[in-house]
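Trainee: Structure in structure tokens, see below.
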Amino acid sequence: MAKEALVVIDMLRDFVEKGAPLEVPSARAIVPHLQKRIQEARQRGAAIIYVCDAHRVDDEEFAKWPPHALEGTRGAEVIDEIKPHREDFLVHKRRYSAFLGTDLELLLRELKVEKIYITGVLTNVCVFFTAFEASMRNYEVVIWVDSVAALSENDHQFALDQMRRVLKIRVEE
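Each residue of the sequence shown is one higher than the last, beginning at 752 in the working numbering.
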């Protein structure tokens, strides 16, 4: 059996909580699914990797998005409902892809991961670009529709369709 990793992207207070700077209301709806996915991954012995935005105060991304997930702030913390355990891994990122400028690929190689389940927010941004890069690096990638969220249903569906049809990623209902 291929070594697996469950990647949880940006399930942070600044994305999930009501009134947060970059609130994704639909992110709250996927929390019960993520709790289940995380529990199942632990039972299978899969690595659990939390990928978290951690921006500098002057980050260039803030020209496109409101300031959010400033490193070291409460807003950059994983929500309590799915808090990482001691044995889990944290990867901090400053751009959409969890691979760009991080040690994610090194971690995946060290863990001998071949199959990656990607969850979290935003389906059409960080989830999409991470899935794209994982696919280009020849990982087997799986996306669960009930475990990713976007700011709009159109964005969500478009990204799922692109991952399914163009990238040939397994998108499961």
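Using N, Cα and C, we set each Cβ at its ideal position, and we do this for glycine too.
Whole angstroms is fine: what's the gap from Leu757's alpha carbon to Val917's?
Mentor: Walking along the sequence shown from the start, residue 757 turns up at place 6. Walking along the sequence shown from the start, residue 917 turns up at place 166. Cα to Cα, the separation comes out at about 22 Å.
Trainee: With 16 other CB atoms within 10 Å as the buried threshold, where does Val808 fall?
Mentor: Start at 1 with the first residue of the sequence shown, and residue 808 comes out as number 57. Answer is exposed; the Cβ neighbour count stays below 16.
Trainee: Kindly indicate the opening and closing residues of the beta strand (DSSP E) around Asp854.
Mentor: Counting from one through the sequence shown, the residue named residue 854 turns up at place 103. Where Asp854 is concerned, there is no enclosing beta strand (DSSP E), given that its DSSP letter is neither H nor E.
Trainee: Compute the distance between the beta-carbons of Ala780 and Ala900, then report whether it is under 8 Å.
Mentor: Within the sequence shown, numbered from 1, the residue matching residue 780 stands at position 29. Within the sequence shown, numbered from 1, the residue matching residue 900 stands at position 149. The answer is yes: Cβ separation under 8 Å.
Trainee: Around the Cβ of Gly796, are there at least 16 other Cβ atoms within 10 angstroms (buried) or fewer (exposed)?
Mentor: Along the sequence shown, one-based indexing puts residue 796 at 45. Burial call: exposed.
Trainee: What span of residues does the alpha helix (DSSP H) with Ser777 cover, start to end?
Mentor: In the sequence shown, counting from the first residue as 1, residue 777 sits at position 26. Careful: Ser777 lies outside any alpha helix (DSSP H) and carries neither H nor E.
Trainee: Does Asp765 come out as helix, strand or coil in the three-state DSSP assignment?
Mentor: Along the sequence shown, read from residue 1 onward, the residue named residue 765 stands at position 14. Asp765 falls in the helix class under three-state DSSP.
Trainee: Considering Asp906, what are the terminal residues of the alpha helix (DSSP H) in which it resides?
Mentor: Here residue 906 corresponds to residue number 155 of the sequence shown, with the count starting at 1. Element bounds for Asp906: Glu904 to Arg916.
Trainee: So, is Glu854 buried or exposed, given that buried needs 16 or more other C-beta atoms within 10 angstroms?
Mentor: By one-based count along the sequence shown, residue 854 stands at place 103. Inspection of the sequence shows that residue 854 is occupied by Asp rather than by Glu. Result: exposed.
Trainee: Going by DSSP, what residue range makes up the beta strand (DSSP E) through Glu891?
Mentor: For the purposes of this step, residue 891 is taken as the residue at position 140 of the sequence shown. First-last of the beta strand (DSSP E) with Glu891: Glu891 to Ala900.
Trainee: Grouping DSSP H, G and I as helix and E and B as strand, with all else coil, what is Leu821?
Mentor: In the sequence shown, the residue the question calls residue 821 occupies position 70. The answer is strand: DSSP assigns Leu821 an E or B state.
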